[in-house]
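**Q** The sequence shown runs 5 to 483 under the numbering used here.
Every residue gets a Cβ at the ideal spot worked out from N, C-alpha and C, and that includes glycine.
Questions regarding the structure given below will be posed in turn.
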Amino acid sequence: MLRTVMVGLMLAMASASQAQEGGRLAAAASAMGATNLNSIEYTGSGFVLGFGQAYEPGERWPRFMQRSYTAAVNYQTPGMRLTQVRSQGEHPPRGGAAQPVAGDQRTILVVSDKYAWQEGAPQAVPNPGVVQDRLRQLWTTPQGVIKAALANGGRVDGSTITFSLAGRAITASLNEQSLVDKVSYLSSADVVGDYPIEISYSDYADFGGVKFPRRIVQTEDGHPTLELTISAVRPNAAVALDVPGNVRDAPAPGPVTVAVEKLADGVWYLSTPNARSWAVEFNDHVVLVEGMTGEARSLAVNAEIAKLVPNKPLRYVINTHAHYDHAGGLRTYVAQGVTIVTHELNKPFYEKAWARPRTIAPDQLSKSPKPALFETVSDKKVMSDGTQTIELYHMKGTSHNVANLIVFMPRQGLVFWGDGYNPPAGNDPRDFGRTPEQSIDLYRTITANNLDVKTIAPAHGAGPKPFDNLKKHIGLIAP
Ligand SMILES: [Zn+2]
5 MLRTVMVGLM LAMASASQAQ EGGRLAAAAS AMGATNLNSI EYTGSGFVLG
55 FGQAYEPGER WPRFMQRSYT AAVNYQTPGM RLTQVRSQGE HPPRGGAAQP
105 VAGDQRTILV VSDKYAWQEG APQAVPNPGV VQDRLRQLWT TPQGVIKAAL
155 ANGGRVDGST ITFSLAGRAI TASLNEQSLV DKVSYLSSAD VVGDYPIEIS
205 YSDYADFGGV KFPRRIVQTE DGHPTLELTI SAVRPNAAVA LDVPGNVRDA
255 PAPGPVTVAV EKLADGVWYL STPNARSWAV EFNDHVVLVE GMTGEARSLA
305 VNAEIAKLVP NKPLRYVINT HAHYDHAGGL RTYVAQGVTI VTHELNKPFY
355 EKAWARPRTI APDQLSKSPK PALFETVSDK KVMSDGTQTI ELYHMKGTSH
405 NVANLIVFMP RQGLVFWGDG YNPPAGNDPR DFGRTPEQSI DLYRTITANN
455 LDVKTIAPAH GAGPKPFDNL KKHIGLIAP
């Protein structure tokens, strides 16, 4: 009897507490003007910064002008269209993220319920892998986060709201006017593991009965990635997010497939979309150049190497620099006992980054931790066994990255490098996306070391190009 009363009392207390929390969330919704808000469009400008693309490992992200930023959100669908225009922000350039940017670059990213895609080309490009990321972006907007908390049993403790969205813990805080002033959650990157995203909303103003921040600052892993001043807000704007037929019909992402192209005897170009590596066969082992993107790609590349060179172990992976698109696949090799060859400045960065927690996206190394094996490079290193020779050179003075290596095979006249010159398919030597500063840096490194380069076969872009094309691009020989 006593027990029944106690349980009844506890249930009554729990439901009173839920009602109270629901009451506080409803009050915040009312203060924000979120209660009858079905959609919103807001526009601003400021700066956008390239996450994972620092000039020096661990420093702030490279900064670009965000000429315009327009988010059109439909909470009913739910969906969002984000239209951004960026241009070069720093002169001279400092860091990566495909700079120096030539002119204005517009990107249009959309999510609509179960579908994500990119607009701007004649046909929409499906992005099925990022649906949850973009929905999280939608549900962490100022009004979105209150709606999501209400719909997902959000708990309120003082001024702090917590709830779980598709398995990810979200925290929001309210200011004294019950307006959302901060949202934070954990994300994950292959190089650093779990890292915090924090969005701060401030300088609220009234836009037709809806309170909206005029200042939005987002940081990722401690450094700003977005700094916006909002100039216009349209509550309940018409936001149509019809899913294009080719996006609706796109197949689910399958396993990673690797294209193989022979560059020379014992040298292969292993390519996935916009990410390329070399495999080089030595007498009794294999050397991989660049562990791009992440674990799924590394495993697919390893499977191809095992077919190309059966019975020889992969012993080294060369890493040109620590930008996350170039280094995300390295941990798989650490887990397999493969030695990482990189510039000496990168070693302490990787050791620190690879020791961080990985709760969001565990990988082989986090499941079975072991120390990384390194061989480091200062100015130059030669790897040779008589049959093959690979030379590594530090790119001194490049604005792309302070600890950047190029990979050269003298007998074949082949050079691999990370970033800076990615002309289109075909023989047009021009790189339309960027101005030539970093191509000039590559040219300087090649001439300073008297390298007889015939072909560049880089980490991104449309495939191997004659070295003369780079000379044409930077104006040294006539096009
Ligand atoms: Zn880079």
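Can you give the Cα-Cα distance for GLU308 and LYS384, rounded to whole angstroms?
**A** C-alpha separation (whole angstroms): 29 Å.
**Q** Cβ of LEU334 within 8 Å of Cβ of GLY295?
**A** Yes. Within cutoff.
**Q** When the Cα atoms are used, what is the spatial distance from HIS477 to THR451?
**A** In a straight line, the C-alpha of HIS477 is about 16 Å away from that of THR451.
**Q** Considering just the uninterrupted stretch of the beta strand (DSSP E) at THR439, what are its terminal residues?
**A** Per DSSP, THR439 belongs to no beta strand (DSSP E) and is neither H nor E.
**Q** Rounded to a whole number of angstroms, what is the C-alpha to C-alpha distance between GLN103 and TYR59?
**A** Answer to the nearest angstrom: the Cα atoms are 11 Å apart.
**Q** Counting pairs of Cβ atoms below 8 Å between the segment 139-153 and the segment 271-280, do you hit three or more?
**A** In short, these stretches do not touch, since the Cβ pair count stays below three.
**Q** Could you tell me which uninterrupted beta strand (DSSP E) segments, each at least 3 residues in length, are contained entirely in the segment 338-377, listed from first to last along the chain?
**A** Segments of the beta strand (DSSP E) lying fully in the segment 338-377: 343-347.
**Q** Which of helix, strand or coil does DSSP assign to ILE44?
**A** Correct three-state label for ILE44: strand.
**Q** Closer than 7 Å to a non-hydrogen atom of ligand 1 - does that hold for the CB of GLN57?
**A** Yes, the beta carbon of GLN57 sits closer than 7 Å to at least one heavy atom of ligand 1.
**Q** Can you tell me where the alpha helix (DSSP H) with HIS330 in it begins and where it stops?
**A** Its alpha helix (DSSP H) spans residues 328-331.
**Q** Identify whether GLN141 lies in helix, strand or coil by the three-state DSSP scheme.
**A** GLN141: helix per DSSP, three-state reduction.
**Q** If you draw a straight line from the C-alpha of PRO366 to the C-alpha of THR402, how long is it?
**A** Distance between the alpha carbons of PRO366 and THR402: 34 Å.
**Q** Check this for me: beta carbons of HIS110 and VAL89, under 8 Å apart or not?
**A** Correcting the residue identity first, residue 110 is Arg in this sequence and not His. Yes, Cβ-Cβ distance for ARG110 and VAL89 is below 8 Å.
**Q** Tell me, please, whether the segment 282-293 touches the segment 248-258 by the rule of three or more beta-carbon pairs shorter than 8 Å.
**A** These segments do not touch.
**Q** What is the rounded straight-line gap between the Cα of ARG219 and the Cα of GLN70?
**A** Whole-angstrom Cα-Cα distance: 14 Å.
**Q** Could you give the first and the last residue of the continuous beta strand (DSSP E) run that contains HIS404?
**A** Taken as a continuous stretch (DSSP letters only), HIS404 belongs to no beta strand (DSSP E), as it is neither H nor E.
**Q** Check each candidate in HIS325, VAL184, TYR273 and ASN287 and name the one with the smallest Cα separation from GLY99.
**A** The shortest C-alpha separation from GLY99 is found at HIS325.
**Q** What's the call for ASN454, buried or exposed, on a 16-neighbour Cβ count within 10 Å?
**A** Exposed: under 16 other Cβ atoms inside 10 Å.
**Q** Helix, strand or coil, according to DSSP, for HIS398 in the structure here?
**A** Here HIS398 sits in strand by DSSP.
**Q** Does LEU474 pass the burial test, meaning 16 or more other C-beta atoms within 10 Å, or should it be called exposed?
**A** Burial call: buried.
**Q** Would you kindly work out how many angstroms separate the C-alpha atoms of PHE51 and VAL129, rounded to a whole number?
**A** The straight-line gap from Cα to Cα measures roughly 26 Å.
**Q** Cβ of HIS404 within 7 Å of any heavy atom in ligand 1?
**A** Yes, ligand 1 has a heavy atom inside 7 Å of this Cβ.
**Q** State the Cα-Cα distance for the pair TRP421 and ASN408, rounded to the nearest angstrom.
**A** Going from the Cα of TRP421 to the Cα of ASN408 covers about 9 Å.
**Q** Work out the CA separation of VAL187 and SER204 for me, nearest whole Å.
**A** When rounded, the distance between both Cα atoms is 7 Å.
**Q** Nearest chain D C-beta to VAL305 closer than 8 Å, yes or no?
**A** Of the protein chains in this structure there is only one, and it is not chain D.
**Q** Can you tell me whether ASN315 is buried or exposed, with buried defined as 16 or more other CB within 10 angstroms of its CB?
**A** Classification of ASN315: exposed, given that the 10 Å Cβ count is below 16.
**Q** Please check the pair VAL321 and TYR337, which I expect to be a contact at CB under 8 Å, by giving their CB distance rounded to whole angstroms.
**A** Right, the Cβ-Cβ distance comes to about 5 Å (below 8 Å), so this counts as a contact.
**Q** Comparing C-alpha positions only, which one of ASN431, THR393, PRO428 and PRO427 sits nearest to GLY417?
**A** Out of ASN431, THR393, PRO428 and PRO427, THR393 has the C-alpha closest to the C-alpha of GLY417.
**Q** Would you say the beta carbon of GLY333 comes nearer than 7 Å to a heavy atom of ligand 1?
**A** No, the Cβ of GLY333 stays beyond 7 Å of every heavy atom of ligand 1.
**Q** Please report how far the alpha carbon of GLN442 lies from the alpha carbon of PHE471, in whole angstroms.
**A** About 15 Å.
**Q** Excluding five sequence neighbours on each side, which residues of the same chain lie with their C-beta closer than 7 Å to the C-beta of VAL406?
**A** For VAL406, where only same-chain residues beyond five positions count, the Cβ hits under 7 Å are TYR59, GLU60 and LEU349.
**Q** So, helix, strand or coil for MET296, using DSSP?
**A** Coil.
**Q** State the DSSP-derived secondary structure class of ALA75, mapped to helix, strand or coil.
**A** Correct three-state label for ALA75: strand.
**Q** Quick check on the DSSP output: the beta strand (DSSP E) that includes VAL411 runs from which residue to which?
**A** That run of the beta strand (DSSP E) goes 409-413.
**Q** ALA463 and HIS330 - do their beta-carbons sit closer together than 8 Å?
**A** Yes, these two residues count as a Cβ contact at 8 Å.
**Q** For ALA283, write down the residues that DSSP places opposite it in a beta bridge.
**A** Beta-bridge pairing links ALA283 to TRP272 and LEU292.
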